[in-house]
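In the numbering used here, the protein residues as written are 7 to 390. Structure first, then comments.
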Ligand SMILES: [Zn+2]
Ligand SMILES: [Zn+2]
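This is the structure we're talking about:
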């Protein structure tokens, strides 16, 4: 990722200079800046700032990778100006060589067949979202989630988001672009459609980011529960022993057992509260990227039905879109095609009903099973 870190360094240097800082490159792959007073606060940085962008850091430098919170701090510096950025990327798509093989490699439909109908040069728009999450239970975890969609088809572009961001930061790739006419670009999504997509896309991505954190939390909770259980079992056994031997006051031992039982339940409730997980999500930035692509049109056939699906091959990431999951917007995995409307969904979007065990499409019936009517709590984005 040397390329990415170089671009990030250039971007940071240009931004800081533009905002009035004195900037000097330092080795290896870093920069030193003298920040005027008005920059120190939004950047949460001292007057003399040293940043390192590669694995090896200059002496005393803070690490600024795309994973660090520096992307976010620069975002804050851009403020509302940077909330929604628009870039056009200059990258002509070369003709695709092994188009059949590329498609075969990317498209796994469990219950449908397809044929290639067309390939063409085209333009598309991608939306990339950057969210900050804060997860709090007995510990705290913070991080950044980046994901995006291709607006032509709703394909999740998570695997190429970093590359796209890096290209967008690279001025050379964006300044000489002749932007296409609006009619050549996919239309804006309605607010409702976009909101639905983001709310369904987020939970699965948050869960993936927090997997380790949640596992660690579960282990600590289990350990605490075990200890508690052991302690109160000891108390109970002791009281029972006394009761059996008819030593002491039986009524008093019974009260003691009951009190211990209540205390145990209360302590378990306390633990559950202590390990209760709350996750806050906050949008940091939305970027729109316009890019040239090689567009492939497939005709998908399921029983007697037929529909078209376009997939874009992006020349920057050198990747073809995965078929979208029109339910949860996950990037990976295979897809199922529904019988009625030929929606394309990931397997959880066509999972069996928990009551009658028959499969159905969640895009067709998001609220209840169409076969038995059982209501389903919208399992947003539980896709994997
Ligand atoms: Zn459907
Ligand atoms: Zn059912």
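Here a beta-carbon is modelled for each residue, glycine too, at the ideal position from N, C-alpha and C. None of the values given here were measured: they were computed from a predicted structure.
Check whether the Cβ atoms of residue i and residue j sit closer than 8 Å, and answer yes or no.
{"i": "residue 131", "j": "residue 171", "result": "no"}
{"i": "residue 62", "j": "residue 34", "result": "yes"}
{"i": "residue 305", "j": "residue 319", "result": "no"}
{"i": "residue 159", "j": "residue 277", "result": "no"}
{"i": "residue 274", "j": "residue 234", "result": "yes"}
{"i": "residue 161", "j": "residue 317", "result": "yes"}
{"i": "residue 19", "j": "residue 40", "result": "no"}
{"i": "residue 326", "j": "residue 112", "result": "yes"}
{"i": "residue 378", "j": "residue 344", "result": "no"}
{"i": "residue 212", "j": "residue 139", "result": "yes"}
{"i": "residue 381", "j": "residue 374", "result": "yes"}
{"i": "residue 154", "j": "residue 133", "result": "yes"}
{"i": "residue 321", "j": "residue 339", "result": "no"}
{"i": "residue 287", "j": "residue 80", "result": "no"}
{"i": "residue 73", "j": "residue 301", "result": "no"}
{"i": "residue 48", "j": "residue 21", "result": "no"}
{"i": "residue 11", "j": "residue 60", "result": "yes"}
{"i": "residue 394", "j": "residue 25", "result": "Only positions 7 to 390 of the chain appear in the structure, and residue 394 is not among them; the question remains open."}
{"i": "residue 186", "j": "residue 337", "result": "no"}
{"i": "residue 117", "j": "residue 308", "result": "yes"}
{"i": "residue 346", "j": "residue 370", "result": "yes"}
Determine the extent of the beta strand (DSSP E) in which residue i is found, giving its start and end residues.
{"i": "residue 129", "result": "119-142"}
{"i": "residue 30", "result": "28-32"}
{"i": "residue 267", "result": "Premise fails: residue 267 lies in the alpha helix (DSSP H), 256-280, not in any beta strand (DSSP E)."}
{"i": "residue 313", "result": "311-320"}
{"i": "residue 55", "result": "54-58"}
{"i": "residue 150", "result": "146-156"}
{"i": "residue 36", "result": "36-40"}
{"i": "residue 287", "result": "284-308"}
Leaving out five residues before and five after residue i in sequence, what residues of the same chain have Cβ atoms less than 8 Å from its Cβ?
{"i": "residue 223", "result": "143, 144, 145, 281 and 283"}
{"i": "residue 58", "result": "34, 35, 36, 64, 67, 68, 69 and 70"}
{"i": "residue 226", "result": "144 and 281"}
Considering only heavy atoms of ligand 2, does any lie closer than 7 Å to the CB of residue i?
{"i": "residue 325", "result": "no"}
{"i": "residue 394", "result": "Residue coverage of the chain in this structure runs from 7 to 390, which leaves residue 394 outside it and unanswerable."}
{"i": "residue 359", "result": "yes"}
{"i": "residue 373", "result": "no"}
{"i": "residue 202", "result": "no"}
{"i": "residue 362", "result": "yes"}
{"i": "residue 278", "result": "no"}
{"i": "residue 377", "result": "yes"}
Could you tell me if the beta carbon of residue i falls within a distance shorter than 7 Å of some heavy atom in ligand 1?
{"i": "residue 104", "result": "no"}
{"i": "residue 29", "result": "no"}
{"i": "residue 47", "result": "no"}
{"i": "residue 349", "result": "yes"}
{"i": "residue 369", "result": "yes"}
{"i": "residue 232", "result": "no"}
{"i": "residue 344", "result": "yes"}
Tell me where the alpha helix (DSSP H) around residue i begins and ends.
{"i": "residue 105", "result": "105-112"}
{"i": "residue 219", "result": "197-250"}
{"i": "residue 48", "result": "43-49"}
{"i": "residue 81", "result": "76-84"}
Sort the options by Cα distance to residue i and report the nearest one.
{"i": "residue 94", "options": "309, 374, 378 and 293", "result": "293"}
{"i": "residue 206", "options": "332, 341 and 382", "result": "332"}
{"i": "residue 258", "options": "270, 268 and 245", "result": "245"}
{"i": "residue 201", "options": "31, 165, 289 and 50", "result": "289"}
{"i": "residue 341", "options": "376, 119, 285 and 80", "result": "119"}
{"i": "residue 128", "options": "369, 238, 191 and 334", "result": "191"}
{"i": "residue 78", "options": "152, 250 and 337", "result": "152"}
{"i": "residue 247", "options": "263, 232, 204 and 236", "result": "263"}
{"i": "residue 231", "options": "123, 168, 279 and 163", "result": "279"}
{"i": "residue 114", "options": "328, 356 and 197", "result": "328"}
{"i": "residue 124", "options": "105, 38 and 110", "result": "105"}
Who are the near neighbours of residue i in its chain, counting only those whose CB is closer than 6 Å to its CB and skipping five residues on each side?
{"i": "residue 296", "result": "94 and 131"}
{"i": "residue 23", "result": "29"}
{"i": "residue 147", "result": "141 and 219"}
{"i": "residue 16", "result": "none"}
Excluding the 5 residues flanking residue i on each side, which residues of the same chain have their C-beta closer than 7 Å to its C-beta?
{"i": "residue 324", "result": "none"}
{"i": "residue 311", "result": "348"}
Between residue i and ligand 4, is there a pair consisting of the residue's CB and a ligand heavy atom that are separated by less than 7 Å?
{"i": "residue 334", "result": "Here the bound small molecules are ligand 1 and ligand 2; ligand 4 is not part of this structure."}
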